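Below you'll find the structure, written out as structure tokens, and then a few comments.
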Amino acid sequence: MPTSGQEKVVLFVGRSGNGITSCVQTIEKINDTDLVVKECPDVGDNDQDLRKDKNEVLLDTAKLIQDLDLKYGGIVALVFVLKYGVRFTKQEKDAVAVVKSVFGDSVFRDRGIIAFTYGDLFDLDCGDTPDNTERFMDWCREQTGDIEKLFQEVNYRCVLFNNKTKDVTENKKLVTLLSNHVLYIRLTQPKYQTLNLRSGESTIVAMNLTNQDTDYARKTWFILLHLLGFILNIFAVLARSIEPRINPQIDINYPSSFKKEDDTNDDCNC
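With our numbering as the guide, the letters of the sequence shown map in order to residues 174 to 443.
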């Protein structure tokens with residue numbers, strides 16, 4: 174196991190039903206890996222697929238990132254899970270858009286990895302060879318259209334999961350390939366931290382958190398301003414009540430032995 178601070182934290186996202194949990198479980202069964210894998214539920218689902226309110230999803234995502242930030246110093250890579258054998262539909266394109274809106278437009282380019290599940294179907298289509306890694310990469314390079322653009326965006330960092338296999342050697346080889354992709358990202362990109370949600374590209378999570386902070390600050394300032402106005406009114410009343418004492422009318426009572434001279438009767442030698 175890696176020493177503290179050396180872990181490579183990987184976040185798994187994508188549409189529900191694409192096999193995210195199976196991918197995470199496959200990796201967690203490999204003991205000698207430096208990967209820390211976490212699911213990011215519901216990020217990638219559209220309105221019809223969502224099982225809970227959008228705001229709840231955003232807050233849960235923010236909390237997960239904050240927890241990983243505090244424990245591991247941030248996220249190294251983000252794995253977007255697709256299902257092999259299924260067309261890259263509008264729903265999948267929308268899922269990509271949702272992930273970008275949450276983590277930033279450059280998240281796939283900077284730290285994205287594409288993981289395909291149902292690798293057993295790939296073996297049926299292309300033949301179960303001793304080393305299907307190269308064959309899978311050839312298949313990725315043969316794709317066109319929107320999926321090709323996504324592959325290019327992640328620089329063809331793609332892996333194929335066969336979650337049905339019981340072959341430990343095959344799973345270790347897969348995890349090693351994934352770990353190499355993650356290592357490259359770690360060497361070329363800073364960790365994705367909570368600060369990334371609040372600076373740089375504006376994200377949904379960042380805006381959600383900022384709006385909460387803004388509402389709290391607005392309410393606080395509203396109370397403080399009213400309190401300040403109340404205090405100023407008290408000072409104004411006190412000032413008016415002590416004004417005669419500060420500026421009294423001076424009335425001099427002369428002693429009877431002293432005659433006050435009238436300036437109008439003074440002799441003037443003009």
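Positions of the beta carbon are idealized from the N, C-alpha and C atoms, including for glycine.
As the structure is a computational prediction, the values presented were derived from the model and not from experiment.
Backbone CA spacing between residue i and residue j [nearest angstrom]
i	j	result
Leu294	Phe309	12 Å
Tyr329	Asp304	18 Å
Ile238	Gly247	7 Å
Asp207	Lys181	6 Å
Val186	Lys266	13 Å
Arg188	Pro363	26 Å
Asp233	Val272	14 Å
Leu444	Val210	No answer is possible for residue 444: it lies beyond the span of the chain, which begins at 174 and ends at 443.
His354	Arg282	13 Å
Val197	Asn344	12 Å
Thr262	Ile320	9 Å
Asp218	Gly277	17 Å
Asp386	Ser274	Reliability fails at Asp386, whose pLDDT of 43 lies under 50, so the model's placement of it is uncertain and no value is given.
Asp311	Tyr365	31 Å
Asp296	Lys346	16 Å
Ala268	Leu323	12 Å
Asn228	Gln179	33 Å
Thr342	Thr306	14 Å
Lys339	Cys313	25 Å
Cys299	Lys244	42 Å
Contacting residues, own chain, Cβ-Cβ under 8 Å from residue i (five flanking each side not counted)
i	result
Leu351	Val183, Ile200, Leu208, Val252, Ile286, Ala288 and Val332
Gly192	Val254, Lys256, Thr290, Tyr291, Phe334 and Asn336
Endpoints, beta strand (DSSP E) assigned at residue i
i	result
Glu212	Leu208 to Glu212
Ile287	Gly285 to Thr290
Own chain residues within Cβ distance below 6 Å of residue i, not counting five before or after
i	result
Val230	Asp215
Ala250	Val183, Arg284, Ile286, Val355 and Ile358
Glu326	Phe281 and Arg282
Val348	Ile200, Ile203 and Thr206
Unbroken alpha helix (DSSP H) run spanning residue i, endpoints
i	result
Phe334	Per DSSP, Phe334 belongs to no alpha helix (DSSP H) and is neither H nor E.
Thr342	Val341 to Thr361
Ser274	Lys263 to Phe276
Val230	Lys227 to Tyr245
Val327	Run containing Val327: none; DSSP gives neither H nor E here.
Ser195	Ile193 to Glu201
For residue i: DSSP bridge partner residues
i	result
Val254	Gly187 and Ala288
Asp311	Beta-bridge pairing links Asp311 to no other residue.
Lys322	Its beta-bridge partners do not exist; DSSP assigns none.
Asp218	Val216
Lys364	Partner(s): none; Lys364 has no beta bridge.
Ile248	Tyr365
Val182	Val209
C-beta neighbour in chain B for residue i, strict 8 Å
i	result
Val341	Absent here is chain B; the protein component of the structure consists of one chain.
Contact set for residue i: own chain, Cβ-Cβ below 7 Å, skip 5 residues either direction
i	result
Thr361	none
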